[in-house]
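Asker:
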Amino acid sequence: LLKNYSALVRPARNPNKVSNVSMKIFLQQLLNVDEQNQLIEVNAWLKYTWNDYRLRWRPIVHDNISSLRFPTDEQQIWLPDILLYNRCSNFSANEDFDSSCRSNLVVYSTGEINWIPPGIFKISCKMDITMFPFDEQTCSLKFGSWTYHGFALDLLIDTSNKEPPIDTSTYIANGEWDLIGTSAKREVSFYKCCPEPYPTLNFHLYLKRKSFYHIFNIIVPSMLISGMTLLGFCLPPHDMSEKIGFQTTILLSVCFFLTILSEMTPTTSESIPLLGVFFSSVTLIVAMSTTFTVCVLNLRYRQYANHKFPPMIRFIFLQFIPWIMLMKRPGYRFSCAKALDEQKLEESTSLMQTTLEQLPGEKLELTRKVGEVRHRLLLIFERCLHVDQVVTKLR
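In our numbering, the protein residues as written are 266 to 660.
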C-alpha cells in the first residue's frame, strides 16, 4: 500500500487541486482560567478528517480488511501541518497529554483518514473583567495551516451527522465557570506578503463565572463594611477619639479587600472592575472622613492662650462667608437696625423720664456709666409693657 508513496507530497491528483481537511473538537474539561495572565487551559480531543486517494484498496481482495492504523511518530503518511495559532505552550498532543499514549491514524479502504489526537491546550484569551464577579468571557481556539495557503489546503468545519462542531457530550463541568455555549466560524485572512488566502477555524467557548463563591466571600463583607462606614457619622461629636479608631479600622478592612481583588484580576488598564472602583471610592470617603475628624478634633481642643485666630481666617469665616450667605456678621449692625434702635432709645428715654417723675420721693444714684444705664433701662422697657411694671422693676 505504501509502495511508491511519499509522505511529503500532498494527496492531490492535480497540484492545482485543493485538499480539504475537516476539523472538529470534542471538549472534555475546562481545567483552568488564569485571569492574571489571561490564559485558559482546556482538555480536548481534536478530530481531523481528509481523503488520500493513494491509500485506497478493495477489502475483498485483502481478506476483508477495511481499515488500517498508522503511527504518527514514524511519519509514514502525509499529515496536515495544522497548528493552534493562539497557543501558549507546546502544541504536540502526544507530548503534552501523555507521553505513553501514541495517537494513531485510522485509514479506511475508501481513502478516508481520521486522526483524533488528545491534548491539553493552554491558549491566550483576552478578558473583560469590568463586571467581575458577574462577568462573561469569550475564548477562542484558532487553528490553521502553517505552510499551506488556501489554494492548496482548505480547512472546513466538520458538520457530518448534523452534529455541532464542538461536541460537549462528555464535558466535565468546572467548579468556577459555566460553559453557556459554543460556536465555530471559518475565516479567511490575507497578508501583504502573499496574494493567496489563508483560511482559519475559530472555535469559540462562551464562559460565565459562577459568582456564588465571590458573593459570600467578597460582595457581602464589602457591603457590610461599607454600611458600617455610614455609622461613623452617627457617633457623638464629643467622642472623637473613638470615631478616629473606628474609621481607621474600616479603612484597613477596605484596603484589605481591595488587595484581594487586585490579586484576582489582571494587571491591565483596558478594563477596571466596577467592584474595584467601588472599593476605591469607599476608601476615599473613609480617608476624607478620618481627615476631617482629626481636623475637628484639633480645633475642638485648641485654647485661646496658645492658638490665636489668624486675621485672614477670621476675615474669611466671620466676614466674607457670612456676607456671601447673607448672614449676620459678628459686630456688624445694619443701617435700618441702627435707626430703629435710635428711635426706640428716644421712646424709652421719654418713658423712663415719665416713670422717674412718678417715683414718690425716691432718688436714684447714677454711679455707673451712662451707656450701661441706658442699655439696662432699654432691656427693662422692652420686657415691661406698662409703666407700673417698670416702676416695680426699678424698686
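Ideal Cβ placement from N, Cα and C applies to all residues, glycine included.
Classify residue 547 as buried or exposed, calling it buried when 16 or more other Cβ atoms lie within 10 Å of its own Cβ.
Answerer: Residue 547 is buried by the Cβ-count criterion.
Asker: Going by beta carbon distance, what residues of the same chain come within less than 6 Å of residue 287, once the five residues before and after it are set aside?
Answerer: 314, 421, 423, listed in sequence order.
Asker: If you draw a straight line from the C-alpha of residue 373 to the C-alpha of residue 329, how long is it?
Answerer: Spanning the two alpha carbons is a distance of roughly 12 Å.
Asker: Measure the CB-CB distance between residue 291 and residue 304 and report whether it falls below 9 Å.
Answerer: Not a contact, by the Cβ cut-off of 9 Å.
Asker: Helix, strand or coil for residue 307 per DSSP?
Answerer: Note: residue 307 maps to strand in three-state DSSP.
Asker: Counting along the chain, where does the alpha helix (DSSP H) carrying residue 563 start and finish?
Answerer: Counting along the chain, the alpha helix (DSSP H) containing residue 563 begins and ends at 539-565.
Asker: Along the chain, where does the beta strand (DSSP E) that runs through residue 333 open and close?
Answerer: Per DSSP, residue 333 belongs to the beta strand (DSSP E) from 332-336.
Asker: Determine the extent of the alpha helix (DSSP H) in which residue 588 is found, giving its start and end residues.
Answerer: 586-589 is the extent of the alpha helix (DSSP H) around residue 588.
Asker: When the distance is taken between beta carbons, is residue 345 closer than 9 Å to residue 316?
Answerer: Not a contact, by the Cβ cut-off of 9 Å.
Asker: Under 8 Å Cβ to Cβ from residue 266, same chain only, skipping five residues before and after it: list those, please.
Answerer: If we look at residue 266 and ignore the five residues flanking it on each side, its Cβ neighbours are 320, 322, 333.
Asker: Between residue 284 and residue 395, how many whole angstroms is the CB-CB distance? I'm expecting something under 8 Å.
Answerer: About 44 Å separates the two Cβ atoms, so there is no contact after all.
Asker: Would DSSP call residue 408 helix, strand or coil?
Answerer: Note: residue 408 maps to strand in three-state DSSP.
Asker: Are residue 470 and residue 452 close, meaning C-beta to C-beta below 9 Å?
Answerer: Not closer than 9 Å, so no.
Asker: Give me the Cβ distance between residue 544 and residue 523, rounded to the nearest whole Å; I'm assuming they're in contact under 8 Å.
Answerer: With a Cβ gap of about 4 Å, residue 544 and residue 523 count as contacting.
Asker: Nearest CA to the CA of residue 388: which residue from 296, 500, 562?
Answerer: Looking at the Cα atoms, 296 is the closest of the given residues.
Asker: Skipping 5 residues on each side, what residues in its chain have a beta carbon closer than 6 Å to that of residue 444?
Answerer: Answer for residue 444: no residue qualifies.
Asker: Are the CB atoms of residue 384 and residue 308 within a distance shorter than 9 Å?
Answerer: It is a contact, given that the beta carbons lie within the stated cut-off.
Asker: Output the boundary residues of the beta strand (DSSP E) element that contains residue 368.
Answerer: Here residue 368 belongs to no beta strand (DSSP E), and DSSP marks it neither H nor E.
Asker: Where do the N-terminal and C-terminal ends of the alpha helix (DSSP H) with residue 386 fall, by residue?
Answerer: Residue 386 -> not in any alpha helix (DSSP H); beta strand (DSSP E) instead, spanning 383-389.
Asker: Rank 493, 494, 508 by C-alpha distance to the C-alpha of residue 500 and give the top, closest one.
Answerer: When each option's Cα is compared against that of residue 500, the closest is 508.
Asker: In angstroms, rounded to a whole number, what distance separates the CA positions of residue 412 and residue 552?
Answerer: Cα to Cα, residue 412 sits roughly 60 Å from residue 552.
Asker: Return the chain-ordered list of same chain residues with a C-beta closer than 8 Å to the C-beta of residue 419, the five sequence neighbours on each side being excluded.
Answerer: These residues qualify, in order along the chain: 283, 284, 285, 286, 464.
Asker: Taking the alpha helix (DSSP H) that residue 576 falls in, what are its first and last residues?
Answerer: That run of the alpha helix (DSSP H) goes 576-580.
Asker: Answer yes or no: do residue 455 and residue 281 have a C-beta to C-beta separation smaller than 9 Å?
Answerer: No, the Cβ-Cβ distance between residue 455 and residue 281 is not below 9 Å.
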